[in-house]
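Q:
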Amino acid sequence: MTASLAHRGPDGGAIVTGQGFGMGHRRLAVIDLSAASAQPMRSADGRFTLAYNGELYNFRELRAELEAKGVRFTSCGDAEVVLQALITWGAEAISRFNGMFALALWDQARRRLLLARDRYGIKPLYYAHDAHDFIFASEIKALLVHSRRLRQIDKAALVEYLNFQNFFTDRTLYAGVAILPPGHILEIGPEHPQPHLSRYWDYDFREIADERSMDEVVEEFDALFRQAVHRQMVSDVPIGTFLSGGVDTGMIAANAARQRPGMCSFTIGFDLHSASGLELAFDERAPAEHMSYLFGTEHYEMVLKAGDMERAMPRLMRHIEEPRVGQCYPNYYAAQLASKFGKVVLSGVGGDELFGGYPWRYFRSMHSESFDAFANDYFAYWQRIVPADRLERLCAPMGGAQVHASAQDIFRGVFRQPPGTVRGPADYINLCLYFEAKTFLHGLLVIEDKLSMAHGLETRVPFLDNDLVDFAMRLPVRFKLGRLAELIRLDENDPGPKGQRYFDRTNDGKLLVRKASLRYIPQVIAEAHKQGFSGPDASWFRGESINFVRRRFLDGSAAIYEFLDRKTAEDLLADHLEGRENRRLFVWSLLCLEEWCQQVLHMSDTDGLRT
Numbered sequence: 050m051t052a053s054l055a056h057r058g059p060d061g062g063a064i065v066t067g068q069g070f071g072m073g074h075r076r077l078a079v080i081d082l083s084a085a086s087a088q089p090m091r092s093a094d095g096r097f098t099l100a101y102n103g104e105l106y107n108f109r110e111l112r113a114e115l116e117a118k119g120v121r122f123t124s125c126g127d128a129e130v131v132l133q134a135l136i137t138w139g140a141e142a143i144s145r146f147n148g149m150f151a152l153a154l155w156d157q158a159r160r161r162l163l164l165a166r167d168r169y170g171i172k173p174l175y176y177a178h179d180a181h182d183f184i185f186a187s188e189i190k191a192l193l194v195h196s197r198r199l200r201q202i203d204k205a206a207l208v209e210y211l212n213f214q215n216f217f218t219d220r221t222l223y224a225g226v227a228i229l230p231p232g233h234i235l236e237i238g239p240e241h242p243q244p245h246l247s248r249y250w251d252y253d254f255r256e257i258a259d260e261r262s263m264d265e266v267v268e269e270f271d272a273l274f275r276q277a278v279h280r281q282m283v284s285d286v287p288i289g290t291f292l293s294g295g296v297d298t299g300m301i302a303a304n305a306a307r308q309r310p311g312m313c314s315f316t317i318g319f320d321l322h323s324a325s326g327l328e329l330a331f332d333e334r335a336p337a338e339h340m341s342y343l344f345g346t347e348h349y350e351m352v353l354k355a356g357d358m359e360r361a362m363p364r365l366m367r368h369i370e371e372p373r374v375g376q377c378y379p380n381y382y383a384a385q386l387a388s389k390f391g392k393v394v395l396s397g398v399g400g401d402e403l404f405g406g407y408p409w410r411y412f413r414s415m416h417s418e419s420f421d422a423f424a425n426d427y428f429a430y431w432q433r434i435v436p437a438d439r440l441e442r443l444c445a446p447m448g449g450a451q452v453h454a455s456a457q458d459i460f461r462g463v464f465r466q467p468p469g470t471v472r473g474p475a476d477y478i479n480l481c482l483y484f485e486a487k488t489f490l491h492g493l494l495v496i497e498d499k500l501s502m503a504h505g506l507e508t509r510v511p512f513l514d515n516d517l518v519d520f521a522m523r524l525p526v527r528f529k530l531g532r533l534a535e536l537i538r539l540d541e542n543d544p545g546p547k548g549q550r551y552f553d554r555t556n557d558g559k560l561l562v563r564k565a566s567l568r569y570i571p572q573v574i575a576e577a578h579k580q581g582f583s584g585p586d587a588s589w590f591r592g593e594s595i596n597f598v599r600r601r602f603l604d605g606s607a608a609i610y611e612f613l614d615r616k617t618a619e620d621l622l623a624d625h626l627e628g629r630e631n632r633r634l635f636v637w638s639l640l641c642l643e644e645w646c647q648q649v650l651h652m653s654d655t656d657g658l659r660t
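In our numbering, the protein residues as written are 50 to 660.
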């Protein structure tokens, strides 16, 4: 199991075993490169054993607090601080951690295992169990090495994915494998013979009274942001930064480069010869190069072509293990590029979800008359892959019960409890922010981690610093979305859905972040329309990659048709190839599913999972 994760920790590994338990660890040495920080790490008396993946950015403050209590340390890293904090404060220590982590602590005296995952789900943690074993790992492939029985599809999870292009529950495509939800602790032992989950943290976006001016709020945000970047620069190895050409990575790179002049920055561009429409704006190399010049970074870039997606598919699927959210092969190549120059890279993930980066989504339901109406409207938007009226036909080979696994119930289940009084548009927007942080952001983080660690690279996300997140959650919506007052006064007699005229105003989002960014990046970049990190796949699927798509979909031996209706899938494909509809998300999702079926369900042994 540990060997299957060697790519996550190329700097060494070890295994500790005892009566009834075993724990393995692969090390990516970033802080305290000495053997003193090697894992699994045992307490001096041998009672506790820790395996921990991640970085604790406030470990020095916690260490000083523990030393004041008489704790003595033998290393200079954060792993020993995690171990001693758990021994001293118990599970309550986890709420005090500011960082990204997945951890396991074995207590030999109580024969109890504790698993925990960071607040936001930056680091993944999977588990499976039966009457004989409880197994866990940072990636699913390690579980499959232990138990071949797990190489079966969870059909209900597949329907969930086909609804949302994501998983909103703790299910995975692997029957019997669950992901530990972010902000949760799992315990198993004599007191809890079955896995017992408890939540120690959750998002809480809400409107509170705040009479400050925008200038005052910008000052507080800027101080917290600079503090977050500074915290996440702690490292005993070189640190680089992604530089996409947008606001978030531009602000991060500007601050990081002040601390480490000449640091490396990385951009992925796209060959746009066959692109059309909005895709022509997908290449952001020019603004990235300009900011690199301003910040004095050592800049590297890679240009992707249609064939690069095809070539990456087998390796991509092997590492992400199951499809989540959208196209992610650009992330694979970005991590590959950055890994050539260091072990750590900074990313802008999280800025959009915390500070309102997707206004065209929120405005669809901000005038809902009730929570039920809001849930119906927003649910319809997040059915991303297959039109609702064709989903049942597509899933017919799995049986009607699977199709009616109540996607609506899954969607509503994201909300921890029915919301209280919802007074108006700002409250509905906060519901959107909560939902997207819990689902879309989590999917992005899982993919980001796996594709960076595939190359022995650690990705850090300054926007997900605890203090900055706390600030974002209590920030009134008017500081996040431009012209909110005008939006609230929208004339309900306007033609079309309320707010329709604003759906495409993609530079209305992240108002506060854009204003603060003027201190670091050019105004033309700060005020530009938002651009996602995606290639011109809609055009490529109809053009350079059309034969690749046809081979995967139209092959008589395609594995996806064990679960999906061939005619419905081919009709949906034809919609895209013949230009009737843009179904790039559908095409991408089924390409990934076919590769997943070939790698996981049709393998004769597990050797491929160790690659």
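Quick reminder that beta carbons are idealized off the backbone N, C-alpha and C, glycines included.
Reducing DSSP to helix, strand and coil, say where Q243 ends up.
A: Three-state DSSP puts Q243 in a strand.
Q: Using the three-state DSSP reduction, which class does E209 fall into: helix, strand or coil?
A: DSSP places E209 in helix when its eight states are reduced to three.
Q: Using the C-alpha atoms, what's the distance from V495 back to L642?
A: So the two alpha carbons sit approximately 17 Å from each other.
Q: With distances taken Cα to Cα, identify the nearest neighbour of E256 among L560, E350, V471.
A: The option with the nearest alpha carbon to E256 is V471.
Q: When the cut-off is 7 Å and only beta carbons count, does I228 lie next to chain B?
A: The structure shown contains no chain B; it holds only a single protein chain.
Q: Of all the alpha helix (DSSP H) runs that stay within the bounds of the region 116-184, which reach a length of 4 or more residues?
A: Segments of the alpha helix (DSSP H) lying fully in the region 116-184: 128-138.
Q: Is the Cβ-Cβ distance between P89 and H74 less than 7 Å?
A: For P89 and H74, yes; Cβs fall inside 7 Å.
Q: With a cut-off of 8 Å, do at least 3 Cβ pairs link the region 508-519 to the region 391-398?
A: Cβ pair count under 8 Å is three or more, so yes.
Q: Rank A335, P287, L235, M340 by C-alpha distance to the C-alpha of A389 and give the top, closest one.
A: The sequence given here places Lys at residue 389; Ala does not occur at that position. The shortest Cα separation from K389 among A335, P287, L235, M340 belongs to P287.
Q: For the alpha helix (DSSP H) containing T298, list its first residue and its last residue.
A: Counting along the chain, the alpha helix (DSSP H) containing T298 begins and ends at 296-308.
Q: Would you kindly check if the distance between the Cβ of I478 and the Cβ of V526 is under 7 Å?
A: It is a contact, given that the beta carbons lie within the stated cut-off.
Q: Do three or more CB pairs link the region 143-150 to the region 107-124 at distances below 8 Å?
A: The answer is yes - the region 107-124 touches the region 143-150, with three or more Cβ pairs under 8 Å.
Q: Quick check: what's the CA-CA separation for A534 versus A424?
A: Bear in mind that the predicted position of A534 carries a pLDDT of just 47, short of 50, making it too unreliable to give a figure here.
Q: Who are the near neighbours of P239 in its chain, counting only those whose CB is closer than 8 Å to its CB and skipping five residues on each side?
A: For P239, where only same-chain residues beyond five positions count, the Cβ hits under 8 Å are R159, R160, R161.
Q: Taking the beta strand (DSSP E) that S314 falls in, what are its first and last residues?
A: It spans 313-319 - the beta strand (DSSP E) in which S314 sits, taken as one unbroken run.
Q: Quick check: the region 230-246 against the region 193-203, are there 3 or more CB pairs under 8 Å?
A: No, they do not touch.
Q: What is the DSSP secondary structure of N102, counted as helix, strand or coil?
A: Of the three classes helix, strand and coil, the one that applies to N102 here is strand, per DSSP.
Q: Less than 7 Å between the beta carbons of F404 and A521, yes or no?
A: Yes, the Cβ-Cβ distance between F404 and A521 is below 7 Å.
Q: Should R523 go down as buried or exposed, given a rule of 16 or more other Cβ atoms within 10 Å for buried?
A: Answer is exposed; the Cβ neighbour count stays below 16.
Q: Shortest alpha-carbon distance to S419 belongs to which of Y411, P474, G448, I369?
A: It is P474.
Q: I need the straight-line Cα distance from T51 to Y342, nearest angstrom please.
A: Looking at the two C-alpha atoms, the distance is approximately 42 Å.
Q: Could you tell me which whole alpha helix (DSSP H) segments of length 4 or greater appear in the region 423-508?
A: With a minimum length of 4 residues, the continuous alpha helix (DSSP H) runs that stay inside the region 423-508 are 437-443, 449-452, 456-462, 474-487, 489-502.
Q: Do A302 and F344 come within 7 Å of each other at the CB atom, strictly closer than that value?
A: Yes.
Q: Which of the three DSSP states is assigned to D553 in this structure?
A: Its pLDDT being 44, under 50, D553 is placed unreliably by the model, and the measurement read from it follows with that caveat. Coil at D553, not helix or strand.
Q: With a threshold of 16 other CB atoms inside 10 Å of the CB of M447, please say whether the residue is buried or exposed.
A: So M447 counts as buried.
Q: With DSSP as the reference, label I228 as helix, strand or coil.
A: I228 falls in the strand class under three-state DSSP.
Q: One question on the structure: do M408 and D297 come within less than 7 Å of each other, judged by their Cβ atoms?
A: Residue 408 is actually Pro in this sequence, not Met. Not a contact, by the Cβ cut-off of 7 Å.
Q: Report the three-state DSSP secondary structure of L235 (helix, strand or coil).
A: In this structure, L235 counts as strand in the three-state DSSP scheme.
Q: Would you mind working out which of R280, Q68, D127, M351 sits nearest A87, comparing C-alpha positions?
A: Of the candidates R280, Q68, D127, M351, the one whose C-alpha sits nearest the C-alpha of A87 is D127.
Q: Does H578 come out as helix, strand or coil in the three-state DSSP assignment?
A: Residue state, collapsed to three classes: coil.
Q: In angstroms with no decimal places, state the Cα-to-Cα distance between K499 and F464.
A: Computed Cα separation, rounded: 27 Å.
Q: Taking V283 as part of the beta strand (DSSP E), name the residues at either end of that continuous run.
A: That residue, V283, is in no beta strand (DSSP E); it is neither H nor E in DSSP.
Q: Compute the Euclidean distance between the alpha carbons of R538 and N380, then round it to the nearest angstrom.
A: For R538, the pLDDT reaches just 46, beneath the cut-off of 50, and the residue's location in the model is therefore unreliable, although a value from the coordinates is still provided. Between R538 and N380, the C-alpha separation is close to 40 Å.
Q: Can you check DSSP and say which residues form a bridge with E347?
A: Per DSSP, C313.
Q: Name the two residues that bound the continuous alpha helix (DSSP H) containing R75.
A: Looking at the DSSP string, R75 is not in any alpha helix (DSSP H); the run it does join, the beta strand (DSSP E), is 70-75.
Q: Just reading off the beta strand (DSSP E) that T66 is part of, what are its end residues?
A: Start and end: 62-67.
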